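If you read the sequences in order, they're chains A and B. Letter by letter, the first sequence follows residues 274 to 737 in our numbering. Letter by letter, the second sequence follows residues 9 to 280 in our numbering. The block underneath contains the structure these notes are about, expressed in structure tokens.
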Amino acid sequence: MTSPIEDSFEELYRHAPCGLVSTTPAGEIIEINDTLLGLLGYRRDEIIGTQFIGLLDAGAKLFYETRQKPVLHLSGEVREVSIALLRADGSSLPALVNSLVLTNPDGSPRITRTAIFDATARQEYERDLLLARRSAESSEARVRVLQDISSAFGLSASDEDVARSFVEIAREAFFASAASVLLVDDIGGLELVAGDNALFGRVPPIDELRATDDVIVVTRTDAERDYPELAVVMGEERVESLSITPLLDEPRRLGLLMCFFGRDRNFDEQFFDLQKALGRQASQTLIRVRLQRQLAMLALRDQLTGLANRQLLQEKLSLAISAAHDSGKPLAVVFLDLDGFKAVNDELGHKHGDDVLREVSRRLRDAVRQHDTVGRLGGDEFVAICEEADLDAAASIADRIRLAVRQPIEGLPEHLPVSASVGVAMYVPTEDELPTFDHLLNLADHAMYEGKAAGKDRVTFVRR
Amino acid sequence: MSLIALSGEHVLVRNNVRIVGNPHGPTLMLSHGFGCGQDSWRDLVPYLEADYRIVLYDLVGAGGSELDAYDHGRYDSLHGYAEDVVQILDALDASDVTFVGHSVSSIIGVLASNRDSSRFKSLVLVGPSPRYVNDGDYIGGFEQADIDLLLDTLDANYLGWSAAMAPVIMGNADRPELGESLTESFCRVDPAIARHFAHVTFLSDNRRDLAQVALPTLIVQTVDDVIAPTAVGEYVHGQIQGSEFVLIDSRGHVPSLSEPATLARVIRDFLK
Numbered sequence: 274m275t276s277p278i279e280d281s282f283e284e285l286y287r288h289a290p291c292g293l294v295s296t297t298p299a300g301e302i303i304e305i306n307d308t309l310l311g312l313l314g315y316r317r318d319e320i321i322g323t324q325f326i327g328l329l330d331a332g333a334k335l336f337y338e339t340r341q342k343p344v345l346h347l348s349g350e351v352r353e354v355s356i357a358l359l360r361a362d363g364s365s366l367p368a369l370v371n372s373l374v375l376t377n378p379d380g381s382p383r384i385t386r387t388a389i390f391d392a393t394a395r396q397e398y399e400r401d402l403l404l405a406r407r408s409a410e411s412s413e414a415r416v417r418v419l420q421d422i423s424s425a426f427g428l429s430a431s432d433e434d435v436a437r438s439f440v441e442i443a444r445e446a447f448f449a450s451a452a453s454v455l456l457v458d459d460i461g462g463l464e465l466v467a468g469d470n471a472l473f474g475r476v477p478p479i480d481e482l483r484a485t486d487d488v489i490v491v492t493r494t495d496a497e498r499d500y501p502e503l504a505v506v507m508g509e510e511r512v513e514s515l516s517i518t519p520l521l522d523e524p525r526r527l528g529l530l531m532c533f534f535g536r537d538r539n540f541d542e543q544f545f546d547l548q549k550a551l552g553r554q555a556s557q558t559l560i561r562v563r564l565q566r567q568l569a570m571l572a573l574r575d576q577l578t579g580l581a582n583r584q585l586l587q588e589k590l591s592l593a594i595s596a597a598h599d600s601g602k603p604l605a606v607v608f609l610d611l612d613g614f615k616a617v618n619d620e621l622g623h624k625h626g627d628d629v630l631r632e633v634s635r636r637l638r639d640a641v642r643q644h645d646t647v648g649r650l651g652g653d654e655f656v657a658i659c660e661e662a663d664l665d666a667a668a669s670i671a672d673r674i675r676l677a678v679r680q681p682i683e684g685l686p687e688h689l690p691v692s693a694s695v696g697v698a699m700y701v702p703t704e705d706e707l708p709t710f711d712h713l714l715n716l717a718d719h720a721m722y723e724g725k726a727a728g729k730d731r732v733t734f735v736r737r
Numbered sequence: 009m010s011l012i013a014l015s016g017e018h019v020l021v022r023n024n025v026r027i028v029g030n031p032h033g034p035t036l037m038l039s040h041g042f043g044c045g046q047d048s049w050r051d052l053v054p055y056l057e058a059d060y061r062i063v064l065y066d067l068v069g070a071g072g073s074e075l076d077a078y079d080h081g082r083y084d085s086l087h088g089y090a091e092d093v094v095q096i097l098d099a100l101d102a103s104d105v106t107f108v109g110h111s112v113s114s115i116i117g118v119l120a121s122n123r124d125s126s127r128f129k130s131l132v133l134v135g136p137s138p139r140y141v142n143d144g145d146y147i148g149g150f151e152q153a154d155i156d157l158l159l160d161t162l163d164a165n166y167l168g169w170s171a172a173m174a175p176v177i178m179g180n181a182d183r184p185e186l187g188e189s190l191t192e193s194f195c196r197v198d199p200a201i202a203r204h205f206a207h208v209t210f211l212s213d214n215r216r217d218l219a220q221v222a223l224p225t226l227i228v229q230t231v232d233d234v235i236a237p238t239a240v241g242e243y244v245h246g247q248i249q250g251s252e253f254v255l256i257d258s259r260g261h262v263p264s265l266s267e268p269a270t271l272a273r274v275i276r277d278f279l280k
């Protein structure tokens with residue numbers, strides 16, 4: 274039956290405003306309408322009996338087999354699938370496809386009906402969207418890498434903190450299975466500072482790779498040819514390729530950033546550019562953080578002698594007081610003032626005076642225990658903070674100091690001897706309120722004065 | 009890499025592991041291919057469930073897996089997926105497992121058993137290809153340009169109606185269930201992950217890993233598989249010493265859907 278206006282259903286099928294094709298469950302084309310033949314430029318007899326998949330371009334074939342067909346099989350229909358068909362002349366026809374499976378009474382598939390719409394116009398528009406999206410994605414990755422994060426690291430940031438951050442950024446930006454930062458250590462070797470590096474310590478250092486000035490990529494195949502020992506370990510650790518990016522503070526080497534990949538990837542120009550940019554970022558951040566640390570250290574050091582200055586002494590002593598209180602172990606504060614220093618200054622001038630202060634500082638450092646803190650309060654006044662030191666220990670430290678200072682100083686005439694008056698304040702923790710920095714220091718200062726008044730070059734104790 | 013140690017329970021949730029069939033039977037682990045989820049085994053399971061304990065799971069990024077678990081670095085090669093397989097078997101404390109991998113999952117099975125063969129008994133590789141892109145004398149069946157076209161096709165299909173976009177299109181981003189009907193309920197995959205997974209699947213080269221397989225191995229191939237041509241199946245057969253090779257008289261890349269009865273029989277015969 275046809276409505277009075279349509280000529281016939283057959284006519285409607287053949288010239289429907291979309292392509293129509295029917296296939297067997299095995300994918301063989303059993304019916305096709307003229308619209309689709311016209312779109313593709315085939316004759317009917319060239320198509321009937323062939324495989325539907327034969328009409329698809331390579332990308333669509335992969336998609337059709339791995340996704341569209343399984344979904345169609347499982348759900349019985351697919352809608353608005355975007356795939357490209359191949360015309361007889363080899364050109365591509367972007368299409369939108371709907372498919373419907375008709376089943377036998379037992380539920381098994383009988384026939385698949387597919388409608389195909391020419392989507393050339395839509396495709397062009399989508400293509401633009403797609404390209405825009407891809408370029409947005411890739412610039413997003415760039416921004417992530419290039420974002421200035423160096424200022425995010427505060428005064429207390431260590432090289433490890435910086436290295437850890439860049440390991441994370443590298444892993445995310447490059448989809449690396451692992452990444453690591455190696456930094457040059459004091460003796461010129463490389464130290465693994467952050468991240469995972471399954472090769473480190475398992476392959477003898479390859480100087481050529483370590484000394485690279487530019488980003489390099491080594492695949493397992495490259496390694497087999499050039500560095501067989503590396504290739505073996507790469508195989509064992511499932512590393513198919515790796516990248517090495519130098520961290521430089523021209524002309525100095527700071528270290529390397531390494532990324533590891535479980536497959537041999539397409540390392541394009543963008544990869545190398547981004548690695549380079551990230552390497553620059555990491556280097557600059559390391560340089561900045563190290564500089565910050567150096568400045569912070571300088572601010573806490575006495576410029577003449579390199580000993581702790583008043584501010585650092587105050588911080589250390591405050592910490593030591595709480596630590597002593599917590600542990601119950603006594604704390605000794607040793608205060609010393611030089612005897613005879615004023616005469617040196619007056620007679621020989623400040624330059625000689627400074628030399629004496631530097632020499633005394635060296636001797637103090639040698640006289641105390643390894644973990645004691647020695648500082649200069651100013652002038653010729655020095656302090657040593659000795660944690661976990663009982664009376665005996667404090668007495669022996671103080672006496673070592675006294676003896677060390679009174680040794681003759683090179684360049685000083687005999688009539689200008691230098692010695693030390695030493696006062697020791699002992700803090701033996703009790704339940705009482707904690708003493709303050711000033712309080713302990715004043716006690717030690719007074720003890721020192723008592724000693725000086727009693728005849729110099731001696732040690733005087735006071736206990737809180 | 010330093011992953012936070014996952015509890016066994018978490019591994020099973022991450023990969024949406026389901027166990028069906030005969031709890032006393034030998035264990036089959038079914039691992040789906042690119043483009044689908046564990047539902048691609050739907051038609052095969054009825055032929056095997058009476059006799060086998062069947063472990064089903066979704067690769068991370070597919071089906072009901074935890075999408076949050078997708079770490080691009082970890083899954084930038086098939087090794088990440090292989091490690092998941094080992095973790096799942098550990099979590100189940102399974103032994104004597106026959107791993108049935110379809111398509112890309114056949115290589116995942118190869119890598120998993122190479123990594124730790126202790127829980128495996130044998131491998132069944134359905135439509136395996138260690139490398140899709142031609143390379144010198146090696147015929148994988150595709151050129152790099154073909155893979156680029158696939159990525160275009162994927163993008164074109166996910167642009168308009170992906171799970172992520174549908175709620176936006178519907179204007180109901182705060183009520184995602186309204187967008188649900190636009191997306192497919194079968195073979196759910198996350199579009200962004202599918203894209204990366206396509207790279208990993210079709211641009212990996214795992215030819216070297218085949219020679220290390222030391223388990224009884226069956227290679228199943230269909231007569232006209234455009235994804236993994238017969239020559240590739242034969243190559244795999246040649247690389248895995250002592251492997252068996254069976255050609256199923258069926259077209260297409262997914263015999264678990266097109267020929268489930270035949271595939272089940274082939275697996276049974278191999279395990280006899």
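Glycine included, every Cβ here is placed at the ideal spot set by N, Cα and C. All of these numbers come straight from a predicted model, not from anything done at the bench.
Express the C-alpha separation of L159 (chain B) and G71 (chain B) in angstroms, rounding to a whole number. The residue you call residue 71 (chain B) lines up with position 63 of the second sequence. The residue you call residue 159 (chain B) lines up with position 151 of the second sequence. C-alpha separation (whole angstroms): 20 Å.
Could you pull the start and end residues of the beta strand (DSSP E) that P382 (chain A) belongs to? As a position in the first sequence, residue 382 (chain A) is number 109, starting the count at 1. Residues 382-391.
Using a cut-off of 7 Å between C-beta atoms, extract the partners of A504 (chain A) located in chain B. Looking up residue 504 (chain A) in the first sequence gives position 231. Correct list: empty, because the minimum Cβ distance to chain B is about 11 Å.
So is M570 (chain A) buried or exposed if we call it buried at 16+ other beta carbons inside 10 Å? Position 297 of the first sequence holds residue 570 (chain A). M570 (chain A) should be labelled exposed.
Please decide whether H644 (chain A) counts as near chain B, where near means a Cβ-Cβ distance under 8 Å. Here residue 644 (chain A) refers to the residue found at position 371 when the first sequence is read from its first residue. H644 (chain A) does not count as touching chain B.
In angstroms, rounded to a whole number, what distance separates the CA positions of R22 (chain B) and A77 (chain B)? For this step, residue 22 (chain B) is matched to residue 14 along the second sequence. For this step, residue 77 (chain B) is matched to residue 69 along the second sequence. So the two alpha carbons sit approximately 7 Å from each other.
Short of 6 Å in beta carbon distance, which residues of its chain neighbour V254 (chain B), apart from the five on each side in sequence? Order them along the chain. Numbered from its first residue, the second sequence carries residue 254 (chain B) at position 246. So the list reads V228, V274, once near-sequence residues are dropped.
Just how far apart, CA to CA, sit E433 (chain A) and D458 (chain A)? The count along the first sequence starts at 1 and reaches residue 433 (chain A) at position 160. The count along the first sequence starts at 1 and reaches residue 458 (chain A) at position 185. Cα-Cα distance, rounded: 13 Å.
Roughly how many angstroms separate the alpha carbons of P681 (chain A) and V691 (chain A), rounded to a whole number? On the first sequence, position 408 is the one that residue 681 (chain A) refers to. On the first sequence, position 418 is the one that residue 691 (chain A) refers to. About 8 Å.
Where E445 (chain A) and V416 (chain A) are concerned, what is the direct C-alpha to C-alpha distance, given to the nearest angstrom? Start at 1 with the first residue of the first sequence, and residue 445 (chain A) comes out as number 172. Start at 1 with the first residue of the first sequence, and residue 416 (chain A) comes out as number 143. Going from the Cα of E445 (chain A) to the Cα of V416 (chain A) covers about 12 Å.
Would you mind sorting A202 (chain B) into buried or exposed? The rule is 16 or more other CB atoms within 10 Å of its CB. For the purposes of this step, residue 202 (chain B) is identified with residue 194 of the second sequence, where counting begins at 1. Buried: at least 16 other Cβ atoms inside 10 Å.
Three-state secondary structure assigned by DSSP to S170 (chain B): One-based indexing of the second sequence puts residue 170 (chain B) at position 162. Any answer about S170 (chain B) is weak, because its pLDDT of 44 lies below 50 and its placement is not dependable; what the coordinates show is given next. DSSP places S170 (chain B) in coil when its eight states are reduced to three.
Buried/exposed call for I62 (chain B), threshold 16 Cβ in 10 Å: Taking the first residue of the second sequence as position 1, residue 62 (chain B) is located at position 54. I62 (chain B) should be labelled buried.
Whole angstroms is fine: what's the gap from M173 (chain B)'s alpha carbon to A164 (chain B)'s? Reading the second sequence from its first residue, position 165 is the one you call residue 173 (chain B). Reading the second sequence from its first residue, position 156 is the one you call residue 164 (chain B). A caution first: M173 (chain B) carries a pLDDT of 41, below 50, which makes its placement in the model too unreliable to give a value.
Would you check if the region 594-610 of chain A and the region 695-706 of chain A touch, i.e. whether three or more CB-CB distances between them fall below 8 Å? yes
So if I threshold CB-CB distances at 8 Å, which residues from the region 322-345 of chain A count as touching chain B? Q324, I326, D330, A331, G332, A333, K334, L335, F336, E338, T339, R340, K342, P343, V344
Pair every Cβ in the region 261-276 of chain B with every Cβ in the region 42-55 of chain B, then say whether three or more of these pairs are closer than 8 Å. yes
Could you give the C-beta distance for L713 (chain A) and L568 (chain A), rounded to a whole number, given that I count them as a contact under 8 Å? Numbered from 1 along the first sequence, position 440 holds the residue referred to as residue 713 (chain A). Numbered from 1 along the first sequence, position 295 holds the residue referred to as residue 568 (chain A). About 29 Å separates the two Cβ atoms, so there is no contact after all.
Between the C-alpha atoms of R340 (chain A) and S411 (chain A), what's the straight-line distance to the nearest angstrom? Taking the first residue of the first sequence as position 1, residue 340 (chain A) is located at position 67. Taking the first residue of the first sequence as position 1, residue 411 (chain A) is located at position 138. Roughly 26 Å separates the two Cα atoms.
Can you give me the Cβ contacts of L75 (chain B) inside the same chain, cut-off strictly under 6 Å, excluding the 5 residues immediately before and after it? Along the second sequence, one-based indexing puts residue 75 (chain B) at 67. Closer than 6 Å at the Cβ level, and outside the excluded window around L75 (chain B), lie D198.
Who are the near neighbours of F734 (chain A) in its chain, counting only those whose CB is closer than 7 Å to its CB and skipping five residues on each side? Residue 734 (chain A) sits at position 461 when you count from the first residue of the first sequence. The residues are V697, M699, A720.
How many whole angstroms separate the CB atoms of R538 (chain A) and T578 (chain A), which I take to be in contact at a CB cut-off of 8 Å? Translated into the one-based positions of the first sequence, residue 538 (chain A) becomes position 265. Translated into the one-based positions of the first sequence, residue 578 (chain A) becomes position 305. No, R538 (chain A) and T578 (chain A) are not in contact; Cβ-Cβ is about 56 Å, not under 8 Å.
If you reduce the DSSP assignment to three classes, tell me which class N715 (chain A) lands in. Here residue 715 (chain A) corresponds to residue number 442 of the first sequence, with the count starting at 1. In the structure shown, N715 (chain A) sits in a helix (DSSP, three-state: H, G or I).
Answer yes if the region 24-39 of chain B comes into contact with the region 317-332 of chain A, meaning at least three C-beta pairs across the two stretches below 8 Å, and no otherwise. no
Taking Cβ to Cβ, would you say A357 (chain A) is nearer than 8 Å to D330 (chain A)? Residue mapping note: residue 357 (chain A) aligns to position 84 of the first sequence, counting from 1. Residue mapping note: residue 330 (chain A) aligns to position 57 of the first sequence, counting from 1. In this structure, D330 (chain A) lies closer than 8 Å to A357 (chain A) by Cβ.
Contact check, L551 (chain A) vs I442 (chain A), beta carbons under 8 Å: Against the first sequence, residue 551 (chain A) aligns to sequence position 278. Against the first sequence, residue 442 (chain A) aligns to sequence position 169. Going by C-beta atoms, L551 (chain A) is nearer than 8 Å to I442 (chain A).
Find the nearest neighbour of D711 (chain A) within the set A:N618, A:R386, A:R583, judged by alpha-carbon distance. For the purposes of this step, residue 711 (chain A) is taken as the residue at position 438 of the first sequence. Comparing Cα positions, the closest option is A:R583.
Mark G41 (chain B) as exposed unless 16 or more other C-beta atoms lie within 10 angstroms of its C-beta, in which case mark it buried. Along the second sequence, one-based indexing puts residue 41 (chain B) at 33. That one is buried.
Does any residue of chain A bring its CB to less than 8 Å from the CB of R22 (chain B)? Residue mapping note: residue 22 (chain B) aligns to position 14 of the second sequence, counting from 1. No, R22 (chain B) does not count as interfacial toward chain A.
Can a CB atom of chain A be found closer than 8 Å to the CB of A240 (chain B)? What you label residue 240 (chain B) is simply residue 232 of the second sequence in a count that begins at 1. Contrary to the premise, residue 240 (chain B) reads as Val rather than Ala in this sequence. Cβ-Cβ to chain A under 8 Å: no for V240 (chain B).
Using DSSP bridges, identify the partner residues of D522 (chain A). Translated into positions along the first sequence, residue 522 (chain A) becomes position 249. DSSP output for D522 (chain A) lists A:R525 as bridge partner(s).
Anything in the region 391-407 of chain A with a Cβ closer than 7 Å to a Cβ of chain B? List those residues in chain order, please. E399, L402, L403
Beta-carbon gap between G43 (chain B) and P343 (chain A) smaller than 8 Å: Position 35 of the second sequence, counted from the start, is the residue given in the question as residue 43 (chain B). Position 70 of the first sequence, counted from the start, is the residue given in the question as residue 343 (chain A). It is a contact, given that the beta carbons lie within the stated cut-off.
Which residues, in chain order, does the region 526-551 of chain A contribute to contact with chain B at a C-beta distance below 8 Å? F534, G535, R536, D537, R538, N539
For E399 (chain A) and G166 (chain B), the rounded distance between their alpha carbons: Counting from one through the second sequence, the residue named residue 166 (chain B) turns up at place 158. Counting from one through the first sequence, the residue named residue 399 (chain A) turns up at place 126. The amino acid occupying residue 166 (chain B) in the given sequence is Tyr; Gly does not appear at that position. For Y166 (chain B) and E399 (chain A), the distance between alpha carbons rounds to 11 Å.
Proximal residues of chain A, C-beta to C-beta of G43 (chain B) below 7 Å: Position 35 of the second sequence, counted from the first residue, corresponds to residue 43 (chain B). The contacting residues are T339, R340, P343.
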